[in-house]
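K.L.:
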Amino acid sequence: IKAKAQSDGQSYKSDFKSSIIRHLHCTLGTDENKANNHAWWKATCAAMQERVLEGLRKTQKTHYLNDTRAVHYFSAEFLMGRLLSNNLQNFGLYDAAAEALKELGVELADIMEEEPDMALGNGGLGRLAACFIDSLATMELPAIGYGIHYEHGLFRQEIKSGAQIERPDSWRDFGNPWEICRPESIQEVSLFGYVETKYGDNGRIQKEWHPGSIVKGVPWDIPVVGYGGKTVNVLRLWKSESSGYFNWDVFNAGGYVDAQRENVQAETISKVLYPNDETEAGKELRLIQQYFFCSCSLKDIIRRYKRAHGDDWSRFTDQVVIQLNDTHPAISIPELMRILVDRAALDWDKAWGICTKVFAYTNHTLLPEALEKWPARMLEKILPRHLEIIYEINHRFMAEVDKKWPGDTSKKTKLSIIEEGSEKMVRMGHLSVIGSFKVNGVAEIHSRLVKQNLFPEFNELWPDKLTNVTNGITPRRWLKACNPPLSRLIDKKIGENWPLDLKKLEGLLEYADNKTFQKQFMQVKQQNKQLLADEIKNTLNIDVDVNAIFDVQIKRMHEYKRQHLNLLHIMALYRRILENPDYDMHPRVFIFGAKAAPGYKLAKDIIFAINKVADKINQDPRVKNKLKVAFLPNYRVSLAEKMIPASDVSEQISTAGKEASGTGNMKLALNGALTIGTLDGANIEIAEEVGEDNIFIFGLNVDEVHELQEKGYNPHDYYYRDPEIKAVLDWLETDYFTPGKPGALVSIKQSLLDYGDPYFVLADFRAYADAQEKVDKAYRDKDRWARMAIINTAKMGKFTSDRSIQDYVERIWKLQPCTVDK
Ligand code: 26Q
6 IKAKAQSDGQ SYKSDFKSSI IRHLHCTLGT DENKANNHAW WKATCAAMQE RVLEGLRKTQ
66 KTHYLNDTRA VHYFSAEFLM GRLLSNNLQN FGLYDAAAEA LKELGVELAD IMEEEPDMAL
126 GNGGLGRLAA CFIDSLATME LPAIGYGIHY EHGLFRQEIK SGAQIERPDS WRDFGNPWEI
186 CRPESIQEVS LFGYVETKYG DNGRIQKEWH PGSIVKGVPW DIPVVGYGGK TVNVLRLWKS
246 ESSGYFNWDV FNAGGYVDAQ RENVQAETIS KVLYPNDETE AGKELRLIQQ YFFCSCSLKD
306 IIRRYKRAHG DDWSRFTDQV VIQLNDTHPA ISIPELMRIL VDRAALDWDK AWGICTKVFA
366 YTNHTLLPEA LEKWPARMLE KILPRHLEII YEINHRFMAE VDKKWPGDTS KKTKLSIIEE
426 GSEKMVRMGH LSVIGSFKVN GVAEIHSRLV KQNLFPEFNE LWPDKLTNVT NGITPRRWLK
486 ACNPPLSRLI DKKIGENWPL DLKKLEGLLE YADNKTFQKQ FMQVKQQNKQ LLADEIKNTL
546 NIDVDVNAIF DVQIKRMHEY KRQHLNLLHI MALYRRILEN PDYDMHPRVF IFGAKAAPGY
606 KLAKDIIFAI NKVADKINQD PRVKNKLKVA FLPNYRVSLA EKMIPASDVS EQISTAGKEA
666 SGTGNMKLAL NGALTIGTLD GANIEIAEEV GEDNIFIFGL NVDEVHELQE KGYNPHDYYY
726 RDPEIKAVLD WLETDYFTPG KPGALVSIKQ SLLDYGDPYF VLADFRAYAD AQEKVDKAYR
786 DKDRWARMAI INTAKMGKFT SDRSIQDYVE RIWKLQPCTV DK
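Residue numbers (the UniProt record's numbering): 6 to 827.
#1: Any heavy atom of the ligand 26Q closer than 7 Å to the beta-carbon of Gly434?
#2: Given this structure, state the Cα-to-Cα distance separating Glu428 from Leu341, to the nearest angstrom.
#3: On the three-state DSSP scale, how would you describe Met527?
#4: Could you give the first and the last residue of the continuous alpha helix (DSSP H) run that contains Ile293?
#5: So is Trp253 buried or exposed if we call it buried at 16+ other beta carbons inside 10 Å?
#6: Distance, Cα to Cα, Asp352 vs Phe179?
#7: Does the distance from the CB of Ala81 to the CB of Gly152 come in under 8 Å?
#8: Go to Asp556, then tell me how far its alpha helix (DSSP H) extends in each direction, as first and last residue.
#9: To the nearest angstrom, how far is it from the Cα of Tyr756 to the Cα of Asp762?
#10: Quick one: what's got a C-beta closer than 8 Å to Cys360's C-beta in the same chain, skipping five residues either side?
#11: Excluding five sequence neighbours on each side, which residues of the same chain lie with their C-beta closer than 6 Å to the C-beta of Ile541?
#12: Can you look up Cys823 in the DSSP assignment and give me helix, strand or coil?
#13: Under the DSSP definition of a beta bridge, which residues are partnered with Cys186?
#14: Suppose the cutoff is 8 Å on Cβ atoms and the five residues either side in sequence are ignored; what does the same chain contact list for residue 828 look like?
#15: Are there 16 or more other CB atoms within 10 angstroms of the CB of Ala553, so buried, or fewer, so exposed?
#16: Report the three-state DSSP secondary structure of Trp253 (helix, strand or coil).
#17: Among the candidates Thr475, Arg320, His435, Arg481, whose CA atom is the shortest distance from the CA of Asn464?
#18: Taking the alpha-carbon positions, what's the Asn38 to Leu70 distance?
#19: Determine, using beta carbons only, whether Pro763 comes closer than 8 Å to chain D.
#20: Helix, strand or coil for Asp13? Go by DSSP, reduced to three states.
#21: Can Ala286 be considered in contact with the ligand 26Q, in the sense that its beta carbon sits closer than 7 Å to one or more heavy atoms?
#22: Pull up the CB-CB distance for Ala365 and Lys443, whole angstroms please, since I reckon it's below 8 Å.
#23: Please check the pair Ala794 and Leu675, which I expect to be a contact at CB under 8 Å, by giving their CB distance rounded to whole angstroms.
#24: Does the ligand FAD have even one heavy atom less than 7 Å from the beta-carbon of Glu690?
#25: Have a look at Ser12, Cys50, Tyr17 and flag the residue whose alpha-carbon is nearest the alpha-carbon of His28.
#26: Would Gly667 be called buried (16 or more neighbouring beta carbons within 10 Å of its own) or exposed?
#27: Taking C-alpha atoms, which residue in Ser492, Ala791, Tyr605 lies nearest to Gln523?
#28: Quick one: is Asn207 buried, meaning 16 or more other Cβ sit within 10 Å of its Cβ, or exposed?
#29: Could you give the first and the last residue of the continuous alpha helix (DSSP H) run that contains Ile338?
#30: Is the beta carbon of Lys498 sitting closer than 8 Å to the one on Gly512?
#31: Would you decide whether Asp469 is buried or exposed? Buried here means 16 or more other CB atoms lie within 10 Å of its CB.
#32: Which residues have their C-beta within less than 6 Å of a heavy atom of the ligand 26Q, listed in chain order?
#33: DSSP beta-bridge partners for Tyr78?
#34: Please return the same chain residues whose Cβ sits closer than 8 Å to the Cβ of Lys509, not counting the five positions on each side in sequence.
#35: Inspect the CB distances between the segment 105-113 and the segment 323-333 and report whether three or more fall short of 8 Å.
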C-alpha cells in the first residue's frame, strides 16, 4: 500500500508539474525563466482548477441524475479568504504541488502569499457562511451558496499616525482564477415602478407590477471543494449589469422621466460591500442589493426545479430548502410569494404553504441597533408589490394572533411586522420568523435569549419554531491548513482522520500529562510564535520575545466586544511597572487585529488609542520588554491564519449577553490558546467542554448584568472606588500618550463616565485584571500551561462546523448526502 501511495504521489507530482508549466505557457503566455511569483501562483491555480472543474462537473451531473433535495444558503456575505491552499489540501494534492513547484525552483508558501483574500464579508457572519459551505461539500450534501459578487469586498485598512484609513479592496484587479462566469444563467430583476390592479374574467383580482427599471444579474460561480475532493459544490455570486433597456410600459404611461430618475445605475448594485456590521445602515442601495441577489437566486432555483418538474409545484418543498443568513435575505419571502401568486397564479394559501415550508432563518444578534427595519415608504418606492404582499402577510398573521389572544391589541402591536410611529417601519426579523418554519440562534445562551427576550410571543405562539444550532468552524482551514506543524504532531499521535471527525482529538487527552508530548506541543507553539514575531517585525518594526505570552484579541472593533477593557488593563499594567520597576509579571505581548466600521467614531477612537498607547509602551525603556503592544493592520482571514496558531491567550471579553456566539474563540482554543473570557455566547459551551480549570472565566454573567442594569448602573461608583481605574481613565485625558495633544483620547473616558458605560467596562474591570493575574501565574508553571493548552485542543471536537451542519440537517433541512464518484 505504501509503495502504491508513493508511486501515486510521484505521478500526481509529475502530472501537476506539467500542468503548471502548460498553464505558464498557454494561459499566462510566459515561461519558467520569466515568471514571477504572481505568474506561478496563477499557473498553479489554473492547474488546480482543472481538477476542481472536473469534480464540479461530476457533482452537478450526479445531483441532477439523483434529483436531490438541496439546501440553498442565502447570505449577503461569504468571507472565503484564500482558496489555493484550501483546494490543494481538500484535494489531497498539497504535498504533490509543493514538491512539483520545488523542482521548478519555486516555494509554494511564497506563491500562496500572492493570492488576495476574497473578503466578501464583514466578520463572523460571513466567515460562518464560508465554513458552512466547506462542511456541506465535505459531508457530500447537495448545497449551493447564493450571494453577491461585490466588486470591492471589505475595505483594506491602513494605519496612519495611529488612525484607521480605509482603502478600496480590489480582489479582482488581476483576475480571479477560481470564478467562472455563467452568461447562460443570467436573470433579470425589476425595481421601482407601480402596481396595477386588474380584474380577471373569473372575477379574481390580479396584480401586475410595472417596474420602472430592470437590471441584469450575471452569475459567477466559485467551486467549493469538500475535504477528500469528491463533492464540489458551488457558491453562486450575482453581479449586476445594465439590462440595456428600461420598462416600456412606464414609458408609454408617460412615466419616462420618472423611470429615468429612479433608474439606479445598474452597475452600482454589486459595486461594494457595506462595511457596517451590527448596525443597520438603512440605505436604499443596501435594500436594492438584498433584493437583487434574492430575486436572482430564487429565479435560479425555480428555473432548475422546472427543468426537472415542469409546472408541477407539488414537489417544490421536497426539493428546496432555503436558509436565510440573518434577515439580510428576508425580502426573499415576499419575493417567492410574488412569483407564486402573481406569476404562477397559485392561490394565496397554497403559495404561503410553500413559502413556510421552504424558508428557515438564523438570527445572529440581539443588539437592537442591528435588527433590520426598512421604512415602508422606501419599500413602497423600490418594491411596491412586495410592500403590498408584506401587508397581506401581516393582515392574515394578525388574524392568527387574534385567535390566540382575542382582543389583545398590545400583543398585536408587539408582533406586527409593521412598527407604527412617526415613520412606518417594516421589521425584517418579524417577517423572517413568520415566513420560516424554523428559526435558530447560534449558541445555547443566545438561543435562550432569542426565545426569552427577542421573540417571546412568537415562542408562545409557535413553541417548536425557535431552536438552537451552535456555530462551528472548519478544522480543515482552522487547524490543518493554518497550523501544519501542530497537525503533523496530532497525526502522529492519533492518526490522520481527525479533520473529518474532530471528536477524535480527545485521543490527545491521554498525552496531556506526558512530558515529551507537552514539550513537543509547546515547541510547535514556539515555532508559530516565531513566525508571527517575524510578521510583527516586518510590518510594525516591533521586536517581540517569543518567550513572552502572546495575548491576542482579533475581531471587529466594537464597544460590546470591549477592546477598550483590554486597553485599560494594558495601561494599568504599564502604570504598575512605572510605579514599581520590579513589578513581577511574565513578559507579555498584547496583539490586536480589528477593523472599525468607517462611520463608527468611538470604534475608530479606540483603534487610535491602542496605537498611541502601543507607541509609548514599546518605546519606554523602563518597561524592559515586560510589555509590548502590537496592532496589526488590515485584519483579515489570511492574517488570522497566521495569528491564531501563534496565540497563547485568547481574549473573549464581550459584555455578557451581547456576543451571539463568537467563532474566533473556537479557532483560538482549537490551536491551543487558553481563553480569558466572560460567560457569553459560545464561551459558555467552550467552558463546559474544557472544564473550568482550563479556562479563565471572569465578570458579570447575563443575569448579573441585567440586575445591575435594573438597579441602576453608575460607572462613577467604580471610578471613585477603584484608584487604579481612576488613574488610568484620568491618564487618557493628559497628553502622555499623544504629546502636545491633550484630550486626543478623551472620548473613551467620556463614553465610560459621561455616557454611562453602556457595556459595563468599569463594572468588569477589577474581575478582568484579577483573571489576568491568574493567567500570568498559570503561564509560569510551564507543565501546567502545556497541559491546559493540550486539553483545549483535545476538547474542541464539538465546535467543528460539520457538527453544526449535521444539526441543521437533522433539525431543519432534512437532507440526505449524495455520493459522487471520484
Ligand atoms: C445590516 C444592515 C445594513 C448593513 C449591514 C448590516 C450587517 C452586516 C453584517 C449587520 C450585521 C452583520 C454581521 C453580523 C455578524 O457578523 N454577527 C456575528 O455572527 C457570528 C456568526 O453567527 C457570531 O458568532 C457573532 O457573535 C455575531 O456577532
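We treat Cβ as the ideally placed atom computed from N, Cα and C, and that holds for glycine.
Nothing here was measured: the structure is a model prediction, and the numbers come from that model.
P.N.:
Quick answer:
#1: The residue given as residue 434 occupies position 429 in the sequence shown. No, the Cβ of Gly434 stays beyond 7 Å of every heavy atom of the ligand 26Q.
#2: Walking along the sequence shown from the start, residue 428 turns up at place 423. Walking along the sequence shown from the start, residue 341 turns up at place 336. Cα to Cα, the separation comes out at about 27 Å.
#3: Position 522 of the sequence shown, counted from the first residue, corresponds to residue 527. The answer is helix: DSSP assigns Met527 an H, G or I state.
#4: Start at 1 with the first residue of the sequence shown, and residue 293 comes out as number 288. 289-314 is the span of the alpha helix (DSSP H), which, as asked, contains Ile293.
#5: Taking the first residue of the sequence shown as 1, we reach residue 253 at position 248. Below a pLDDT of 50, predicted positions are generally treated as unreliable, and Trp253, at 49, falls in that range; no measurement from the model is reported.
#6: Working through the sequence shown from its first residue, we reach residue 352 at position 347. Working through the sequence shown from its first residue, we reach residue 179 at position 174. Distance between the alpha carbons of Asp352 and Phe179 is about 50 Å.
#7: Here the question's residue 81 lines up with position 76 in the sequence shown. Here the question's residue 152 lines up with position 147 in the sequence shown. Cβ atoms of Ala81 and Gly152: closer than 8 Å.
#8: Here residue 556 refers to the residue found at position 551 when the sequence shown is read from its first residue. Taken as a continuous stretch (DSSP letters only), Asp556 belongs to no alpha helix (DSSP H), being part of the beta strand (DSSP E) at 554-559.
#9: By 1-based counting over the sequence shown, the position of residue 756 is 751. By 1-based counting over the sequence shown, the position of residue 762 is 757. Correcting the residue identity first, residue 756 is Ser in this sequence and not Tyr. It is roughly 6 Å from the alpha-carbon of Ser756 to the alpha-carbon of Asp762.
#10: Counted from its first residue, the sequence shown places residue 360 at position 355. Counting only Cβ-Cβ distances below 8 Å, and skipping sequence neighbours, we find Ile338, Leu341, Met342, Leu345, Gly440.
#11: As a position in the sequence shown, residue 541 is number 536, starting the count at 1. Cβ neighbours of Ile541 beyond the five flanking positions: Ile547, Val549, Ala635.
#12: Here residue 823 refers to the residue found at position 818 of the sequence shown. The answer is coil: DSSP assigns Cys823 none of H, G, I, E or B.
#13: If you number the sequence shown from 1, residue 186 lands on position 181. Bridge partners of Cys186: Trp225.
#14: Summary: the structure shown does not reach residue 828, with the chain confined to residues 6 through 827, and so no result is reported for it.
#15: By one-based count along the sequence shown, residue 553 stands at place 548. Buried, by the Cβ-count rule.
#16: For the purposes of this step, residue 253 is taken as the residue at position 248 of the sequence shown. Note that Trp253 has pLDDT 49, beneath the 50 cutoff, so the model's placement of it is unreliable and the number below is only indicative. If DSSP states are grouped into helix, strand and coil, Trp253 belongs with the helices.
#17: Position 459 of the sequence shown, counted from the first residue, corresponds to residue 464. Cα-wise, what sits closest to Asn464 is His435.
#18: Within the sequence shown, the letter at position 33 stands for residue 38. Within the sequence shown, the letter at position 65 stands for residue 70. Looking at the two C-alpha atoms, the distance is approximately 46 Å.
#19: Among the chains of the structure shown, chain D does not appear; only one protein chain is present.
#20: The residue labelled residue 13 in the question sits at position 8 within the sequence shown. Residue state, collapsed to three classes: helix.
#21: In the sequence shown, counting from the first residue as 1, residue 286 sits at position 281. Yes, since a heavy atom of the ligand 26Q falls inside the 7 Å radius drawn around the Cβ of Ala286.
#22: Mapped onto the sequence shown, residue 365 falls at position 360. Mapped onto the sequence shown, residue 443 falls at position 438. Yes, Ala365 and Lys443 are in contact; Cβ-Cβ is about 4 Å, under 8 Å.
#23: As a position in the sequence shown, residue 794 is number 789, starting the count at 1. As a position in the sequence shown, residue 675 is number 670, starting the count at 1. Not really, about 11 Å apart at Cβ, beyond 8 Å.
#24: Absence of the ligand FAD from the depicted structure is noted, with the ligand 26Q being the only ligands included.
#25: On the sequence shown, position 23 is the one that residue 28 refers to. Taking only the C-alpha atoms, the option nearest His28 is Cys50.
#26: Locating residue 667 in the sequence shown gives position 662, where the first residue counts as 1. The residue in question, Gly667, is buried, as its Cβ has 16 or more Cβ neighbours within 10 Å.
#27: By 1-based counting over the sequence shown, the position of residue 523 is 518. Taking only the C-alpha atoms, the option nearest Gln523 is Ala791.
#28: Counted from its first residue, the sequence shown places residue 207 at position 202. So Asn207 ends up on the exposed side.
#29: For the purposes of this step, residue 338 is taken as the residue at position 333 of the sequence shown. That run of the alpha helix (DSSP H) goes 337-343.
#30: Taking the sequence shown and counting its residues from 1, one reaches residue 498 at position 493. Taking the sequence shown and counting its residues from 1, one reaches residue 512 at position 507. It is a contact, given that the beta carbons lie within the stated cut-off.
#31: Along the sequence shown, read from residue 1 onward, the residue named residue 469 stands at position 464. When all chains shown are included, Asp469 counts as exposed.
#32: Asn127, Gly128, Gly129, Leu130, Leu133, Tyr279, Asn281, Asp282, Glu283, Glu285, Ala286, Arg291, His369, Thr370, Ala375, Glu377, Val447, Asn476, Glu664, Ala665, Ser666, Gly667, Thr668, Gly686
#33: What you label residue 78 is simply residue 73 of the sequence shown in a count that begins at 1. Tyr78 is bridged to Gly150, Gln328.
#34: Translated into the one-based positions of the sequence shown, residue 509 becomes position 504. Ile499, Gly500, Asn502, Trp503, Gly802.
#35: no
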